[in-house]
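Participant: Okay, here's the structure, questions in a sec.
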């Protein structure tokens, strides 16, 4: 089982920050072969949901109050270590992310910018497509909302 915690940027240890940035780089830069600037300034205003397994960060997402990324609250940088995806922890990560938005921001309306290939995954968590496909860092995305 994963151990979950939510922390503000200033509460992250140096080791946690390094490990979650390394995980994001492994997935969004190396695995997806996409050169982009992950450090977008939003980490400082996000709550960081961290999933640990045997002391290692294997899942992460950023939680935002309304008005930071979208009109509604939002979830971003949804990542699960490739070595653990067979355990379906992405679903646990989304359930925890949605619950974290409700608990910390009192919000149920959530908007995400989803990679198009994950549309069905997000639909299984109550999100519906609300935009046409657009390219972000040369990767097809769609906006999705959960109300």
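Numbering (our numbering), first residue to last: 117 to 263.
Beta carbons: idealized from backbone N, C-alpha and C, even for Gly.
These numbers come from a predicted model, not from an experiment.
For residue 164, count the other beta carbons within 10 Å of its own beta carbon; 16 or more makes it buried, fewer makes it exposed. Which is it?
Facilitator: Buried, by the Cβ-count rule.
Participant: May I have a chain-ordered list of the beta strand (DSSP E) segments no shorter than 3 residues that lie completely inside the region 189-221?
Facilitator: Segments of the beta strand (DSSP E) lying fully in the region 189-221: 189-196.
Participant: Can you say whether residue 117 is buried or exposed, counting buried as having 16 or more other CB atoms within 10 angstroms of its CB?
Facilitator: The residue in question, residue 117, is exposed, as its Cβ has fewer than 16 Cβ neighbours within 10 Å.
Participant: Taking DSSP's pairing of strands, which residues face residue 265 in a bridge?
Facilitator: Because the chain here runs from 117 to 263, residue 265 falls outside it and cannot be looked at.
Participant: Can you give the beta carbon distance from residue 188 to residue 223, rounded, assuming they're within the 8 Å contact cut?
Facilitator: Yes, residue 188 and residue 223 are in contact; Cβ-Cβ is about 7 Å, under 8 Å.
Participant: Is residue 143 helix, strand or coil by DSSP?
Facilitator: In the structure shown, residue 143 sits in a helix (DSSP, three-state: H, G or I).
Participant: Can you give the Cα-Cα distance for residue 169 and residue 198, rounded to whole angstroms?
Facilitator: The straight-line gap from Cα to Cα measures roughly 13 Å.
Participant: Of all the options 216, 173, 204, which has the alpha carbon lying nearest to the alpha carbon of residue 139?
Facilitator: With distances taken between Cα atoms, residue 139 lies closest to 173.
Participant: Helix, strand or coil, according to DSSP, for residue 148 in the structure here?
Facilitator: In the structure shown, residue 148 sits in coil (DSSP, three-state: anything other than H, G, I, E or B).
Participant: Which of the three DSSP states is assigned to residue 236 in this structure?
Facilitator: It is helical.
Participant: Which residue or residues does DSSP assign as beta-bridge partners of residue 242?
Facilitator: Note: residue 242 sits in no beta bridge, so no partner.
Participant: Can a CB atom of chain D be found closer than 8 Å to the CB of residue 227?
Facilitator: No chain D appears in the structure shown, which is made up of a single protein chain.
Participant: Could you tell me how far apart the beta carbons of residue 57 and residue 217 are, in whole angstroms, since I believe they sit closer than 8 Å?
Facilitator: Lying before the first or after the last residue shown, residue 57 is absent from the chain, which here runs from 117 to 263.
Participant: Of the choices 248, 122, 244, whose alpha-carbon is the least far from that of residue 178?
Facilitator: It is 122.
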